[in-house]
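See below for the structure under consideration.
There are 2 protein chains.
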Amino acid sequence: MVDLCASVDRPFPQPTGQDRYTISEVARHTGLSVHTLRWYERIGLMPHVDRSHTGQRRYHNHDLEWLAFVGKLRLTGMAVADMVRYADLLREGDHTYPERLALLVATREDVVRRVAELQSTLSVLDFKIGIYAETPPAASGGEELPA
Amino acid sequence: MVDLCASVDRPFPQPTGQDRYTISEVARHTGLSVHTLRWYERIGLMPHVDRSHTGQRRYHNHDLEWLAFVGKLRLTGMAVADMVRYADLLREGDHTYPERLALLVATREDVVRRVAELQSTLSVLDFKIGIYAETPPAASGGEELPA
DNA sequence: GTCTTGCCTGGAGCCCACTCCAACGTTCTA
DNA sequence: TAGAACGTTGGAGTGGGCTCCAGGCAAGAC
Chain A
1 MVDLCASVDR PFPQPTGQDR YTISEVARHT GLSVHTLRWY ERIGLMPHVD
51 RSHTGQRRYH NHDLEWLAFV GKLRLTGMAV ADMVRYADLL REGDHTYPER
101 LALLVATRED VVRRVAELQS TLSVLDFKIG IYAETPPAAS GGEELPA
Chain B
1 MVDLCASVDR PFPQPTGQDR YTISEVARHT GLSVHTLRWY ERIGLMPHVD
51 RSHTGQRRYH NHDLEWLAFV GKLRLTGMAV ADMVRYADLL REGDHTYPER
101 LALLVATRED VVRRVAELQS TLSVLDFKIG IYAETPPAAS GGEELPA
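Top to bottom, those sequences are chains A and B. Going by full-length UniProt numbering, the first sequence opens with residue 1, and the numbers climb by one from there. Going by full-length UniProt numbering, the second sequence opens with residue 1, and the numbers climb by one from there.
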């Protein structure tokens, strides 16, 4: 892809909106470390990041969007290997469409299940917290157990 | 604590309800591996498990209850180290009451935050899945990106 | 007796997702 | 021209949460 903004190779800070970011800017923006950004690239989770004429990474807005999506997948608890799989499928083209959809649907089901699990832990926690709230510190009533 | 069921040292399977379980029975019951059960004990997450006269572990119902609670904490995503901390606090007695309560409340807040995060990933997933559902495989319309 | 099954122990090993390191290059500021 | 600040690489290290292993004991079945 031709870089339309290459006239000035602006080397430093840059308040966003320029579609040409250094690795540390992206780190600040995404909350990922520069280590992690480079690692994502090495393992194939981040496709072909553009480089400046001196070989430094220059991220574009579409890279930030991809990273945002990856961030969401990370929040779902999806394994990094599976995200790499998804990225691979995208690269491979249209015929991988069913597998990609299946991956997303499976992930969605996972998330729904995990939400339910968390809700169940919430009721246990609320029950315990309720006991603590009712019971004066001295008289430990319905307590768990440790000897 | 005196073991009221010790007359017969029943060596094998045992359908639950006897308040005297071998490690493999507990593993089956909890879904944890025997390795993990021993490991929990080593790191102080499991207090003083009773032993048979030959030195084998004999779990009681209160141990199963504790393990069930630990299982819930595990589902919350609480670190094992924090669970150990909680177990330690219980052992230390009533004066640790405020810290225990604080731990549970903090965990609860964590869970609530995680549920919100998961809900937000759900809407992203649904959006993507929607795109896949609308778009015929051939014409990949609003796709993410990988080059 | 010996075979099998189940249990014991301490310590090593494994997988995941980073995280850091050494050695070096590039560019801006003074 | 020097120094600071940022960037590059491949490979090693870290921490969490298990997981496995070797070597051995105990007890029922044949």
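Glycine included, C-beta positions come from ideal geometry on N, C-alpha and C. Quantities reported herein were computed from a predicted structural model and do not represent experimental measurements.
- Under the criterion of beta carbons closer than 8 angstroms, Lys72(A) and Thr121(B) qualify as touching, at roughly 5 angstroms.
- The Cβ of Leu122(A) sits closer than 8 angstroms to at least one Cβ of chain B.
- With respect to the 8 angstroms criterion, Tyr21(B) and Arg58(B) are classified as neighbours on the basis of their beta carbons.
- Taking C-alpha positions only, Val112(B) is separated from His29(A) by approximately 25 angstroms.
- When C-beta atoms of the segment 72-85 of chain B are compared with those of the segment 96-104 of chain A, fewer than three pairs fall below 8 angstroms, so the two segments do not count as touching.
- Between the beta-carbon of Leu37(B) and that of Ile23(B) there is about 6 angstroms, and that keeps the pair under the 8 angstroms contact cut.
- Runs of alpha helix (DSSP H) with 4 or more residues, each lying fully within the UniProt domain "HTH merR-type" (20-89) of chain A, are found at 23-30, 34-43, 61-76, listed in chain order.
- DSSP places Gly130(A) in the uninterrupted alpha helix (DSSP H) bounded by 97-134.
- Each residue's CA atom was taken as its position, placing Met83(A) and Trp66(B) some 36 angstroms apart.
- Nearest C-alpha to Arg100(B) among Glu25(B), Ala87(B), Gln119(B): Ala87(B).
- Think of a sphere of 8 angstroms around the beta carbon of Ile129(B): the chain A residues whose beta carbon falls inside it are Leu101, Leu104, Val105, Arg108, in chain order.
- Taking CB atoms only, Arg114(B) has a neighbour in chain A less than 8 angstroms away.
- Nearest C-alpha to Asp94(A) among Arg85(B), Tyr132(B), Glu41(B): Tyr132(B).
- Cβ neighbours of Val34(B) within its own chain (closer than 7 angstroms, five residues either side excluded): Ile23, Ser24, Ala27.
- Rounded to whole angstroms, the separation of the alpha carbons of Val49(A) and Tyr97(A) is 24 angstroms.
- Distance check between Ile43(A) and each of Lys128(A), Arg85(A), Gln119(A) places Arg85(A) closest, using alpha-carbon atoms only.
- Counting the other CB atoms within 10 Å of its CB gives Asp126(A) a total below 16, which places it among the exposed residues.
- Using a Cβ-Cβ cut-off of 8 angstroms, Thr76(B) is close to Leu118, Thr121, Leu125 of chain A, given in chain order.
- When rounded, the separation of the alpha-carbon atoms in His62(A) and Gly130(B) is 21 angstroms.
- Ranked by Cα distance from Glu92(A), the first of Pro47(A), Phe69(A), Lys128(A) is Pro47(A).
- Between Arg114(A) and Leu118(B), the CB-CB gap stays under 8 angstroms.
- Cβ-Cβ separation between Asp19(A) and His60(A): approximately 5 angstroms, consistent with a contact (criterion under 8 angstroms).
- For a Cβ distance threshold of 8 angstroms, residue set Leu118, Thr121, Leu122, Leu125 of chain B lies close to Val111(A), ordered along the chain.
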